[in-house]
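**Student:**
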Amino acid sequence: MDTETYTFNHRFSIQVRMTDLDPVGHVNNGVQFSYYDLGRLEYFKTLQNKAIKWDELDMVIVHASCDFMNSIFLEDKIVVETKVIGFGEKSVKIIQRIVQSETQEIKSTCYSIMSGYDKENNCSKAISDDFKQKVQEFEGC
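Numbered according to the numbering used here, the sequence shown terminates at residue 425, and the numbering increases by one at each position without gaps.
Written out as structure tokens, the structure reads:
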């Protein structure tokens, strides 16, 4: 996915840890999905201007795909950049990328879709207008 045409308003620093590395010394690809989860969580906390209450969470990941371009090493200073790029009636489309802070080299990109989720009825639900408005205000669109 080409992310270079987007402006990212949210950046979250990640500390690479020894346990994130594979036997060759690269950050394991599966660990990068955890980095993207952290980036999404911090994005939502920024929108809400408060901590996330897990018992009130009303969206779930229904799709996530990642393209890995460049290895991440223990000494790399990296950030996860996150942007909402669209809405369906019941879904939110998100792009993210991991970038080396000093060089701006893109390490990987992620495209994900979240669905509104009704826990009581165990089914999808519409994304709230309040959430959409907060995203539009934050993203400037």
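From the three backbone atoms N, C-alpha and C, an ideal C-beta is built for every residue, glycine too.
(1) Should the region 377-396 be called in touch with the region 333-342, which here means at least 3 C-beta pairs below 8 Å?
(2) Our contact map puts CYS350 next to THR393 with C-beta atoms below 8 Å; I'd like the distance itself, whole angstroms only.
(3) Going by DSSP in three states, GLN388 sits in which element: helix, strand or coil?
(4) For HIS347, count the other beta carbons within 10 Å of its own beta carbon; 16 or more makes it buried, fewer makes it exposed. Which is it?
(5) Apart from the five residues just before and just after TYR401, which ones in its own chain have a Cβ nearer than 7 Å to its Cβ?
(6) Report, in whole angstroms, the separation of the C-beta atoms of ASP306 and ASN312, which I expect to be a contact under 8 Å.
(7) Using the Cα positions of ASP286 and PHE357, report the straight-line distance between them to the nearest angstrom.
(8) Near ILE369, which residues of its chain fall below 6 Å by C-beta distance, leaving aside the five closest residues on each side in sequence?
(9) What do you reckon, are the CB atoms on GLY323 and PHE296 nearer than 8 Å?
(10) With DSSP as the reference, label ASP351 as helix, strand or coil.
(11) Looking at GLU365 and LEU292, is the spacing between their C-beta atoms short of 8 Å?
(12) Going by DSSP, name the residue or residues bridged to GLN380.
**Tutor:** Quick look at the numbers:
(1) The region 377-396 is not in contact with the region 333-342.
(2) With a Cβ gap of about 7 Å, CYS350 and THR393 count as contacting.
(3) The answer is coil: DSSP assigns GLN388 none of H, G, I, E or B.
(4) Per the 10 Å Cβ criterion, exposed.
(5) Taken in chain order, the residues that qualify are ASP342, MET343, VAL344, SER408, LYS409.
(6) So it is a contact: roughly 5 Å between Cβ atoms.
(7) Distance between the alpha carbons of ASP286 and PHE357 is about 23 Å.
(8) Hits under 6 Å: LYS377, ILE379.
(9) Note that the C-beta distance between GLY323 and PHE296 is below 8 Å.
(10) In the structure shown, the three-state DSSP call for ASP351 is strand.
(11) Strictly speaking, residue 292 in this sequence is Phe, with Leu absent from that position. Against a cut-off of 8 Å, the Cβ pair of GLU365 and PHE292 comes out as a contact.
(12) According to DSSP, which records beta bridges pairwise, GLN380 is partnered with THR366, CYS394.
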